[in-house]
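In this note's numbering, the protein residues as written are 687 to 1003. Presented below is the structure to which this report refers.
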């Protein structure tokens, strides 16, 4: 039995057009340093006149992956539409990937994508992308959240991806190089999606920051992503990967607080580092801190750190 993939394994998820000739080098030969997850895109990153070439390139890639041992990166495919997804499911070697990203996922497309999930091998996981105008409507989002509670699809969802560029397009906007997405109307949308889907048991990932020559705003934006409980971020350039993975490391003080909160021997309320800790209400936070630390390790501070904690944090990664 294979171990269930954690959404915290995704980290910085790199999108690559299916036309790329070096897909196998990226997947099998670690061409891109510390890449944890990638999406082979057949949708927005591929022109209509490139679809046939992309499908042929992908089929060759899948054929070569058969029988190969690999652990990272996790590999997902983003089809153009549900009909293409069914076509991909019939390809030899499709069992070698980890799952699909489902674009333009909303109430209108739900039935078609549900059929794809039902037709797929049991080990494949799915990441629906919330990126249509319907996602801006809180009532429609509530309906979609209720539909996703269906046992036939909920257990197959690894995470929900927030498609920032498409949502901004619906608003006739684009991200700005000097501002985070939270400085505009998309900040409300991210908060609204989190408040609907997180209590229902879903993890969400953050939209791409499309400027990659200066990482100052990207760093600020991802800190806001983390404050909203988002578990990873879409990236479109390898230089962004290290920025995201460094930020995903857990503060060692948060790690120690989480350890204490999850310790059944601790009292119902206690103080740590000048803050109140209440296991009954902080339990979910502590579990997520531990999961992040398991995959990305901890930041150790120059201030005095318990020697046992330092060794434990260092051993995490």
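Built from N, CA and C at the ideal position, the CB exists for glycine as well.
Beta-carbon separation (whole angstroms), residue i vs residue j, contact threshold 8 Å
i           : j           : result
residue 638 : residue 768 : Lying outside 687 to 1003, the shown extent of the chain, residue 638 is not represented and no answer is given.
residue 930 : residue 921 : 7 Å
residue 695 : residue 760 : 6 Å
residue 762 : residue 803 : Contact doesn't hold; Cβ gap of about 14 Å is too wide.
Backbone secondary structure at residue i - three-state DSSP
i            : result
residue 723  : strand
residue 988  : Bear in mind that the predicted position of residue 988 carries a pLDDT of just 46, short of 50, making it unreliable; the figure below should be weighed with that in mind. In this structure, residue 988 counts as coil in the three-state DSSP scheme.
residue 783  : coil
residue 868  : helix
residue 935  : coil
residue 814  : strand
residue 858  : coil
residue 701  : strand
residue 808  : coil
residue 853  : helix
residue 1003 : Note that residue 1003 has pLDDT 45, beneath the 50 cutoff, so the model's placement of it is unreliable and the number below is only indicative. Residue 1003 falls in the coil class under three-state DSSP.
residue 922  : coil
residue 948  : coil
residue 761  : strand
residue 839  : helix
Residue i to residue j span [Cα, whole Å]
i           : j           : result
residue 742 : residue 941 : 47 Å
residue 753 : residue 977 : 30 Å
residue 777 : residue 986 : 47 Å
residue 912 : residue 879 : 14 Å
residue 783 : residue 771 : 13 Å
residue 960 : residue 939 : 11 Å
residue 943 : residue 982 : 17 Å
residue 764 : residue 885 : 27 Å
residue 870 : residue 908 : 15 Å
Beta-carbon contacts of residue i that lie in its chain and below 6 Å, excluding the five residues immediately before and after
i           : result
residue 813 : 787, 844, 845, 847
residue 731 : 703
residue 723 : 696, 699, 759, 760
Chain B within 7 Å of residue i, Cβ atoms only
i           : result
residue 947 : In summary, chain B is missing from the structure at hand, where a single protein chain is found.
Close-in-space but distant-in-sequence residues of the same chain around residue i (CB under 7 Å, 5 per side omitted)
i           : result
residue 714 : 754, 756
Between the region 896-908 and the region 938-955, do at least 3 Cβ pairs fall closer than 8 Å?
Contact fails: fewer than three Cβ-Cβ distances are below 8 Å.
So, do the region 816-829 and the region 848-865 have three or more beta carbon pairs nearer to each other than 8 Å?
Note that the region 816-829 touches the region 848-865; at least 3 beta-carbon pairs, one per stretch, sit closer than 8 Å.
Three or more C-beta pairs below 8 Å linking the region 823-835 and the region 853-865
Using a Cβ-Cβ distance cut-off of 8 Å, the region 823-835 and the region 853-865 are not in contact, since fewer than three pairs of beta carbons, one from each stretch, lie closer than that value.
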